[in-house]
Amino acid sequence: MDSTTVLVLNGPNLNLLGEREPEIYGSATLADVEDLCRDVCSDVGLTLDFRQSNHEGQLIDWVQEGRRGIAGVIINAAGYTHTSVALRDALSAVTVPRVEVHISDIHAREEFRHHSYLTDVTDHQVIGRGVDGYVEAVRWVADRIRR
Ligand code: CA2
Numbered sequence: 013m014d015s016t017t018v019l020v021l022n023g024p025n026l027n028l029l030g031e032r033e034p035e036i037y038g039s040a041t042l043a044d045v046e047d048l049c050r051d052v053c054s055d056v057g058l059t060l061d062f063r064q065s066n067h068e069g070q071l072i073d074w075v076q077e078g079r080r081g082i083a084g085v086i087i088n089a090a091g092y093t094h095t096s097v098a099l100r101d102a103l104s105a106v107t108v109p110r111v112e113v114h115i116s117d118i119h120a121r122e123e124f125r126h127h128s129y130l131t132d133v134t135d136h137q138v139i140g141r142g143v144d145g146y147v148e149a150v151r152w153v154a155d156r157i158r159r
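With our numbering, letter number 96 in the sequence shown gets 108, and the count goes up by one each step, no holes.
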């Protein structure tokens with residue numbers, strides 16, 4: 013990873029995107045999301061590093077890996093959004109622009125999804141825009157580093 017890298021992290025169960033609940037998440041797969049992100053990265057001159065894990069510790073290790081020297085970290089922490097103080101602590105040590113993404117509008121869903129541990133340790137949030145939210149997040153990082 014270097015100063016052109018955008019690290020996009022995806023949390024638990026997002027590997028199953030497109031397999032069920034299309035009414036909530038749409039029909040795109042995570043591979044489709046990666047392709048979308050790669051296209052926008054090439055548009056804006058950034059390099060994509062796109063990862064998914066079902067394991068909290070793995071996501072924390074990756075956040076730490078990206079904490080300095082890259083263009084930005086974009087994270088859809090999925091279920092860990094609503095539970096993980098540890099992931100929050102990892103993000104609070106990141107010195108590059110951080111974006112929280114959610115495909116669905118977490119505020120319009122069950123009460124337990126309304127609270128995010130990550131919102132106040134990220135610099136920007138893109139919530140409820142479907143998978144296009146990832147594209148928006150990459151563009152936000154690109155704009156941010158060009159200022
Ligand atoms: O809306 C989002 O992006 C979420 O981060 C998705 C998480 C959910 O726990 C958050 O509250 C909101 C769920 C990710 C798993 O998504 C699946 C999609 C289709 C099939 C299986 C899992």
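Ideal Cβ positions, reconstructed from N, Cα and C, are used throughout, including at glycine. Because the structure is a prediction, the values reported are computed rather than measured.
Is Glu31 a contact residue of the ligand CA2, with contact defined as CB to any heavy atom under 8 Å?
On the sequence shown, position 19 is the one that residue 31 refers to. Yes, since a heavy atom of the ligand CA2 falls inside the 8 Å radius drawn around the Cβ of Glu31.
Excluding the 5 residues flanking Ser104 on each side, which residues of the same chain have their C-beta closer than 8 Å to its C-beta?
For the purposes of this step, residue 104 is taken as residue 92 along the sequence shown, with counting starting at 1. Closer than 8 Å at Cβ, skipping near neighbours: Val133.
Any idea if Arg100 is buried or exposed, counting beta-carbon neighbours within 10 angstroms, 16 or more meaning buried?
The residue you call residue 100 lines up with position 88 of the sequence shown. Residue environment: Arg100 is assigned as buried (16 or more neighbouring CB atoms within 10 Å of its CB, all protein chains considered).
Length at least 4, wholly inside the segment 86-124: the alpha helix (DSSP H) runs in chain order:
DSSP runs (the alpha helix (DSSP H)) wholly in the segment 86-124: 97-104.
Helix, strand or coil for Asp14? Go by DSSP, reduced to three states.
Here residue 14 refers to the residue found at position 2 when the sequence shown is read from its first residue. In this structure, Asp14 counts as coil in the three-state DSSP scheme.
On the CB-based measure, 16 or more other CB atoms within 10 Å of its CB, does Ala43 come out buried or exposed?
Within the sequence shown, the letter at position 31 stands for residue 43. By the Cβ neighbour-count rule, Ala43 is exposed, with fewer than 16 other Cβ atoms within 10 Å of its own.
Taking 9 Å as the threshold (C-beta atoms), are Gly23 and Gly30 in contact?
As a first step, residue 30 is located in the sequence shown; it is residue number 18 there, counting from the start. As a first step, residue 23 is located in the sequence shown; it is residue number 11 there, counting from the start. It is not a contact, given that the beta carbons lie outside the stated cut-off.
Expressed to the nearest angstrom, what Euclidean distance is found between the alpha-carbon atoms of Arg141 and Val147?
In the sequence shown, the residue the question calls residue 141 occupies position 129. In the sequence shown, the residue the question calls residue 147 occupies position 135. Rounded to whole angstroms, the gap between the alpha carbons of Arg141 and Val147 is 10 Å.
Can you tell me whether DSSP reads Val20 as helix, strand or coil?
Translated into the one-based positions of the sequence shown, residue 20 becomes position 8. Correct three-state label for Val20: strand.
Simplified DSSP state of Thr134, which is helix, strand or coil:
In the sequence shown, the residue the question calls residue 134 occupies position 122. DSSP places Thr134 in coil when its eight states are reduced to three.
Does the beta-carbon of Leu26, which I'm using as the reference point, lie nearer than 8 Å to any heavy atom of the ligand FMN?
Absent from the structure shown: the ligand FMN. Ligands present: the ligand CA2.
Count the other CB atoms, across all protein chains shown, that sit within 10 Å of the CB of Arg80; report buried if there are 16 or more and exposed otherwise.
To locate residue 80, count along the sequence shown from 1; it is residue 68. By the neighbour-count criterion, in which 16 or more other beta carbons inside 10 Å mark a residue as buried, Arg80 falls on the exposed side.
Own chain residues within Cβ distance below 7 Å of Ile62, not counting five before or after:
One-based indexing of the sequence shown puts residue 62 at position 50. Residue 62 is actually Phe in this sequence, not Ile. If the five residues before and after Phe62 are omitted, its C-beta is found closer than 7 Å to the C-beta atoms of Val20, Glu46, Cys49, all from its own chain and listed in chain order.
Could you compute how far the alpha carbon of Pro109 sits from the alpha carbon of Glu33?
Taking the sequence shown and counting its residues from 1, one reaches residue 109 at position 97. Taking the sequence shown and counting its residues from 1, one reaches residue 33 at position 21. For Pro109 and Glu33, the distance between alpha carbons rounds to 31 Å.
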